[in-house]
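**Q** Let me begin by handing over the structure; questions about it come next.
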Amino acid sequence: MSKIDFQKELNSEQYRAVTAPDGPHLILAGAGSGKTRTLVYRVAYLIEQGVKPEKILLLTFTNKAANEMMSRVAELLHWQDKNKLPIWGGTFHSIANRLLRFYGAKIGIQNNFNILDEDDAKSLLKNIISEFFGHLAANRRPNASLAKELISFSINSRISLAEALEIKFSEWQNFLELFEKVAAEYQKRKKLSNVLDFDDLLLYWKILTEDSEMQKIFDQKWQYVLVDEYQDTNTLQAEIIFNLSKNHQNILVVGDDAQSIYSFRAANIQNILDFPKVFPRATVYKLETNYRSTPEILALANEIIALNTNQFAKNLQAILTSYVKPELIALENNLREAKWIADRIEALIAEGVPAIEIVVLFRASHHSQSLEMELNRRGIAYQMRGGLRFFDRAHIKDILAWLKVLTNTKDEVAWARILNLYPGIGPATAQKIYAQVSGLESLENIDQVAFNLGSKAQTSWQQISQVMTSLFRQQKANPAELIRMLIKEYQEYLTAQYPDYRQRSEDLEQLAIFSSSYQDLNAFLSEITLQEKFNADDGHDQEAIILSTIHQAKGLEWQAVFLMNLTNKSLPHPLAVSETEQEEERRLFYVAVTRAKKHLYLTYPMSQFSYDGYKSLTASPFVSQLATTFLNYNHLARSTMTTESDDTEYSFEDTAGDFWEEDTKHPRQKIKPGDFLPDIEDW
DNA sequence: ACTAATGTCCTTTTT
DNA sequence: GGACATTAGT
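Numbering (this note's numbering), first residue to last: 5 to 687.
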């Protein structure tokens, strides 16, 4: 095995962290400071020091990140087979899933449990809420999302439901007892259904670590624990980490408090701040050299984050040089914003920037709508990240529900989903059927089960039970074969139900293809629920630009970044009202800006048409608070207000003062029309 | 008890 | 513009 020259391949900050001796370590890594590189080299270093790869646990924010890191480590070490580096790597949830399938029996969990995703959890909760809040008119009851958020927050933050209610939804405080009943019933129904939700995966892992016998097993299993994106872990996860490493103390965490953007998922910034208290022997390292962005981009980023009060002091330095400032462009409305971005994208591609190196970022997934239309119109290929996951789409879930029942006969949510697809069966009938079939030991003779049903429902049930029986007989087949069988059954419903059934049919075929790499149905089902994203052509399509939510862009970088729809109505999000929430929104802005290597464009529309009428917009306060020193400001407006028509004439004018908080200390730079703007005639 | 038609409310980020 | 509740009809 050839040795790695750590000293040569790392800077001194990174080198110290990578070659640190055993013991607890905290690495505070600024944006673009080679955080991933440091982690990768640390793992390689440990292995070179003789640590067996299977003794290393690498917890990352996405499974993709873990896979990428592991293959980079394999490459560094000249490992023959990239896929076989036997490090334990993945998200907290996916590792928990693997453990609980194996050790769950110790704490009463059957190894064929199904995983409830967010949607499934909500539909179960919805039923429970209508039972306990039945005395309230339906539109006065708390909705399922609220209840789910409440319960999740209390579990992940390790606080009581009462405290969680006070913090998150104080307006519901009078209903505490009802919420407690709902939470208890939810727990009970999950148990009866033999399902775990995302929170349960963590919670039961935590409970496993408290078992003294398991404690020994875990201490043996992993001698080194590494955690990436530590600023976005929650209290429950921090406790798991603590239990896993309190005996050997070989815990290394990496993070950046300035990039903490998941508090809505109970991420607790205090975890990273308190790490040295929890592990008193901890050494702290700081990575403060930014290798990613031009000094202009970094200056802007530093200026943005400096406006937050609650943070570690940082001094992020650039090493690259450049003379190009990021640009801020105001467009008349969202359609023109989309056109401007599309023009600029075409120009960048013409200049030789690879499409895959271009990203458009936005706060909420639906913000991309007008841009998507424009890109489609021009035939510019794009990949969408964020928003609805492939596996969350209704038709995909309909097919998967059958497979879930096949692996776990008791899954209430999956049964309800299947039953409600058929004519004559509504909620009441579905309940009745579930009550019977959930008691069955096996699906083998399910077609013998008879009910007293209406004639439509009767026919439907016969159909369902026949499909179930044939599924059961084929259950050893490859998941792909089962899925193709179900697609045939589902086709009629699909065609009748959805105008875009052709697209959806293709999705289902994609699902079948994807599943063919799995032999084990349980593994297939849990992995797709825990996989952050699935994109059929993810990574293959070099010709496509990327559209992404800011959250999904975390940890990534591109040559050119567009940050669109930076309006007063979208950043900060109007629902983020408290000071801490506002600061998190500003960190989101910071994360977005620091994704850019070379080109950065901030755009916002000054007006928007939508279903609730015409809205006049201004720049995001986060933008207008900035001194303009680091930005080129351009205000592209129409000279006269008229209705939509493409032959209207436009003029460029610098009327920034109308929208800008006057800042006499930092006079704005004048930009000549045409300096970099698209040809207005073409509009 | 189910279904289709009509009315009303909300509108974020995701393992 | 879409999810969800209510209402009226089968």
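A virtual CB, placed ideally from N, CA and C, is assigned to each residue, including glycine.
Tell me which same chain residues have a C-beta within less than 8 Å of the C-beta of residue 588, skipping the five on either side of it?
**A** Position 584 of the first sequence, counted from the start, is the residue given in the question as residue 588. So the qualifying residues of the chain are 264, 265, 267, 580.
**Q** Taking DSSP as the reference, what is the three-state secondary structure of residue 476?
**A** By 1-based counting over the first sequence, the position of residue 476 is 472. Looking at residue 476 - three-state DSSP - the assignment turns out to be helix.
**Q** Could you please give the first and the last residue of the uninterrupted alpha helix (DSSP H) stretch that includes residue 316?
**A** Here residue 316 refers to the residue found at position 312 when the first sequence is read from its first residue. Looking at the DSSP string, residue 316 is not in any alpha helix (DSSP H), and its letter there is neither H nor E.
**Q** Per DSSP, what are the beta-bridge partners of residue 123 in this structure?
**A** The residue given as residue 123 occupies position 119 in the first sequence. Beta-bridge pairing links residue 123 to no other residue.
**Q** What residues in its chain sit with their C-beta under 7 Å from that of residue 43, if we drop five residues either side in the sequence?
**A** Within the first sequence, residue 43 is the residue found at index 39, counting from 1. So the qualifying residues of the chain are 73, 230, 232, 258.
**Q** Pick helix, strand or coil for residue 270, following the three-state DSSP scheme.
**A** Locating residue 270 in the first sequence gives position 266, counting from the first residue. Coil, per DSSP.
**Q** If contacts are defined as beta-carbon pairs under 8 Å, then residue 8 and residue 291 qualify, I think. What distance do you get, rounded to the angstrom?
**A** In the first sequence, residue 8 corresponds to position 4, counting from 1. In the first sequence, residue 291 corresponds to position 287, counting from 1. About 19 Å; that fails the 8 Å criterion.
**Q** Looking only at its chain, what residues have a beta carbon closer than 8 Å to the beta carbon of residue 409, apart from the 5 residues adjacent to it on each side?
**A** For this step, residue 409 is matched to residue 405 along the first sequence. Excluding positions up to five away in sequence, the list reads 415, 418, 419, 422, 447, 472.
**Q** Is residue 570 closer than 8 Å to residue 604 when the C-beta atoms are compared?
**A** What you label residue 604 is simply residue 600 of the first sequence in a count that begins at 1. What you label residue 570 is simply residue 566 of the first sequence in a count that begins at 1. Contact flag unset, no.
**Q** Quick one: residues in its chain with C-beta nearer than 8 Å to the C-beta of residue 399, no 5 flanking neighbours on either side, listed in chain order?
**A** Walking along the first sequence from the start, residue 399 turns up at place 395. These residues qualify, in order along the chain: 494, 498, 502, 508, 511, 512.
**Q** Between the Cα of residue 297 and those of 560, 469, 583, 278, spot the shortest distance and give me the residue it belongs to.
**A** Here residue 297 refers to the residue found at position 293 of the first sequence. Out of 560, 469, 583, 278, 560 has the C-alpha closest to the C-alpha of residue 297.
**Q** Which one of 462, 272, 564 has the shortest CA to CA distance from residue 330?
**A** Here residue 330 refers to the residue found at position 326 of the first sequence. Answer by Cα proximity: 564.
**Q** By the three-class DSSP mapping on this structure, what secondary structure does residue 1 have?
**A** Outside the shown range of the chain, which is 5 to 687, sits residue 1, and nothing can be said about it.
**Q** Which term fits residue 57, buried or exposed, when burial requires 16 or more other beta carbons within 10 angstroms of its beta carbon?
**A** Locating residue 57 in the first sequence gives position 53, counting from the first residue. Buried, because 16 or more other Cβ atoms sit within 10 Å of the Cβ of residue 57.
**Q** Near residue 83, which residues of its chain fall below 7 Å by C-beta distance, leaving aside the five closest residues on each side in sequence?
**A** Counting from one through the first sequence, the residue named residue 83 turns up at place 79. Cβ neighbours of residue 83 beyond the five flanking positions: 89.
**Q** So, with DSSP's three-state summary, where would you put residue 217?
**A** As a first step, residue 217 must be located in the first sequence, where it is residue number 213. Note: residue 217 maps to helix in three-state DSSP.
**Q** What's the C-alpha gap between residue 149 and residue 130?
**A** Taking the first residue of the first sequence as position 1, residue 149 is located at position 145. Taking the first residue of the first sequence as position 1, residue 130 is located at position 126. Distance between the alpha carbons of residue 149 and residue 130: 9 Å.
**Q** Within its chain, find whatever has a CB closer than 6 Å to the CB of residue 665; leave out the 5 residues flanking it on each side and keep chain order.
**A** The sequence position of residue 665 within the first sequence is 661, counting from 1. Here residue 665 scores only 32 on pLDDT, less than 50, and its place in the model should not be relied on; the value that follows carries that caveat. Excluding sequence neighbours, residue 665 sits near 628.
**Q** Hey, would you say residue 691 sits closer than 8 Å to residue 104, going by beta carbons?
**A** Not covered by the structure: residue 691. The range shown for the chain is 5 to 687.
**Q** Reducing DSSP to helix, strand and coil, say where residue 609 ends up.
**A** For this step, residue 609 is matched to residue 605 along the first sequence. Residue 609: strand per DSSP, three-state reduction.
**Q** What are the start and end residues of the beta strand (DSSP E) that includes residue 332?
**A** The residue you call residue 332 lines up with position 328 of the first sequence. From DSSP, the beta strand (DSSP E) with residue 332 extends over 331 to 335.
**Q** Grab the span of the alpha helix (DSSP H) containing residue 404 for me, first residue to last.
**A** Mapped onto the first sequence, residue 404 falls at position 400. Its alpha helix (DSSP H) spans residues 398 to 411.
**Q** Nearest to residue 631 by alpha carbon, out of 154, 109, 310, 166?
**A** Locating residue 631 in the first sequence gives position 627, where the first residue counts as 1. Nearest of 154, 109, 310, 166 to residue 631, Cα basis: 310.
**Q** Run through DSSP, which three-state label would residue 1 get?
**A** With the chain covering 5 to 687 only, the question about residue 1 has no answer from this structure.
**Q** Are there 16 or more other CB atoms within 10 angstroms of the CB of residue 274, so buried, or fewer, so exposed?
**A** Here residue 274 corresponds to residue number 270 of the first sequence, with the count starting at 1. Classification of residue 274: exposed, given that the 10 Å Cβ count is below 16.
**Q** With contact counted as at least three CB pairs below 8 Å, one residue from each stretch, are the segment 203 to 223 and the segment 32 to 41 in contact?
**A** Contact fails: fewer than three Cβ-Cβ distances are below 8 Å.
**Q** In whole angstroms, give me the CA-to-CA distance for residue 248 and residue 162.
**A** The sequence position of residue 248 within the first sequence is 244, counting from 1. The sequence position of residue 162 within the first sequence is 158, counting from 1. Distance between the alpha carbons of residue 248 and residue 162 is about 18 Å.
**Q** How many Å lie between residue 470 and residue 533 at the Cα?
**A** As a first step, residue 470 is located in the first sequence; it is residue number 466 there, counting from the start. As a first step, residue 533 is located in the first sequence; it is residue number 529 there, counting from the start. Each residue's alpha carbon lies about 27 Å from the other.
**Q** What residues in its chain sit with their C-beta under 6 Å from that of residue 536, if we drop five residues either side in the sequence?
**A** In the first sequence, residue 536 corresponds to position 532, counting from 1. Only 66 meet the Cβ criterion.
**Q** Would you give the residue range spanned by the beta strand (DSSP E) that residue 201 belongs to?
**A** Locating residue 201 in the first sequence gives position 197, counting from the first residue. Here the beta strand (DSSP E) through residue 201 covers 199 to 201.
**Q** Please list, in chain order, all residues of the same chain as residue 193 whose beta carbon is under 8 Å from its beta carbon, the five residues on each side excluded.
**A** Reading the first sequence from its first residue, position 189 is the one you call residue 193. Result list for residue 193: 128, 132, 416, in chain order.
**Q** Is there contact here, the segment 384 to 395 with the segment 359 to 376, by at least three beta-carbon pairs under 8 Å?
**A** Counting Cβ pairs under 8 Å, three or more are found: they touch.
**Q** When burial is assigned at 16 or more other CB atoms within 10 Å of the CB, is residue 350 buried or exposed?
**A** Residue 350 sits at position 346 when you count from the first residue of the first sequence. Exposed.
**Q** What's the gap between the Cα of residue 36 and the Cα of residue 601?
**A** The sequence position of residue 36 within the first sequence is 32, counting from 1. The sequence position of residue 601 within the first sequence is 597, counting from 1. Going from the Cα of residue 36 to the Cα of residue 601 covers about 9 Å.
**Q** Determine the extent of the beta strand (DSSP E) in which residue 33 is found, giving its start and end residues.
**A** By 1-based counting over the first sequence, the position of residue 33 is 29. Looking at the DSSP string, the run of the beta strand (DSSP E) that includes residue 33 is 29 to 33.
**Q** Assuming residue 157 is part of the alpha helix (DSSP H), what are its boundary residues?
**A** On the first sequence, position 153 is the one that residue 157 refers to. Counting along the chain, the alpha helix (DSSP H) containing residue 157 begins and ends at 148 to 161.
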